[in-house]
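K.L.:
Take this structure first; my questions come after.
In our numbering, the protein residues as written are 24 to 210.
Structure, rendered in structure tokens:
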């Protein structure tokens, strides 16, 4: 099991006096839980609206036969599908604002970053719980933390986070989140 969504530092590109490409890899400082990177200021960090100890919501799901890969466990890409399906369910059921309402207002969500850490496999027919919560609000996005736990044992199968950016459907560009949406999702 590996990590999906690993972000590598950008390499400075250019040519030195001998004509060869120059570049270096810099060590990346660890991120704190709130997304702050010590000793570094970025556009993302300046846009942080506030941290949220968001309410945790759960959706129960079951592994289907088409979720399996040749190794007889759930394919890595399906874990992303599980989280997206759980968020879709929870937007309507828990926040009282389904995705269709965002679409009616001309908004959509784009997955900017996905980080998944696999702990143990899920098997055919196994029931599991997808727990998600809003960890941070940004000017134009949110960070959603998640856990996928085996229902029978409660053991962690996968965890991680998604950074979603709100977009205007007409332009496809990032859009500041209106305060009325922040208020609705701040539970």
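Note that the Cβ used here is the ideal one computed from N, Cα and C, for glycine as well.
1. Please name the residue in 112, 79 and 138 whose C-alpha comes closest to that of residue 100.
2. Given a threshold of 16 other Cβ atoms within 10 Å of its Cβ, counted over all protein chains shown, does residue 93 qualify as buried or as exposed?
3. Is residue 168 helix, strand or coil by DSSP?
4. Helix, strand or coil for residue 64, going by three-state DSSP, please let me know.
5. Rounded to whole angstroms, what's the CA-CA distance from residue 196 to residue 176? Just pull it up for me.
6. Note down, in chain order, each residue of its chain lying with its Cβ closer than 7 Å to the Cβ of residue 88, except the 5 sequence neighbours on either side.
7. Would DSSP call residue 179 helix, strand or coil?
8. Please report the straight-line C-alpha distance between residue 173 and residue 96, rounded to a whole angstrom.
9. To which residues of the same chain is residue 157 closer than 7 Å at the C-beta, ignoring the five residues directly before and after it?
10. Name the one or two DSSP bridge partners that residue 173 has.
11. Report the option in 192, 162 and 155 whose CA atom is closest to the CA atom of residue 201.
12. Please state whether the Cβ-Cβ distance between residue 155 and residue 106 is less than 9 Å.
13. I need the straight-line Cα distance from residue 187 to residue 110, nearest angstrom please.
14. Please report the residue range of the alpha helix (DSSP H) in which residue 137 lies.
15. Can you give me the Cβ contacts of residue 79 inside the same chain, cut-off strictly under 6 Å, excluding the 5 residues immediately before and after it?
16. Measuring CA to CA, which of 126, 122 and 151 is closest to residue 192?
17. So residue 180 packs on residue 143, CB below 8 Å; how close in whole Å?
P.N.:
Working from what's here:
1. Answer by Cα proximity: 138.
2. With fewer than 16 Cβ atoms within 10 Å of its Cβ, residue 93 is classed as exposed.
3. strand
4. Only weak support exists for where residue 64 lies, its pLDDT of 36 falling under 50; the value from the coordinates is given anyway. Three-state result, residue 64: coil.
5. 43 Å
6. 147
7. strand
8. 13 Å
9. 75, 77, 165, 167 and 208
10. 151
11. 162
12. yes
13. 12 Å
14. Judged by DSSP secondary structure, residue 137 falls outside any alpha helix (DSSP H) and instead within the beta strand (DSSP E) spanning 130–141.
15. 154 and 156
16. 126
17. 5 Å
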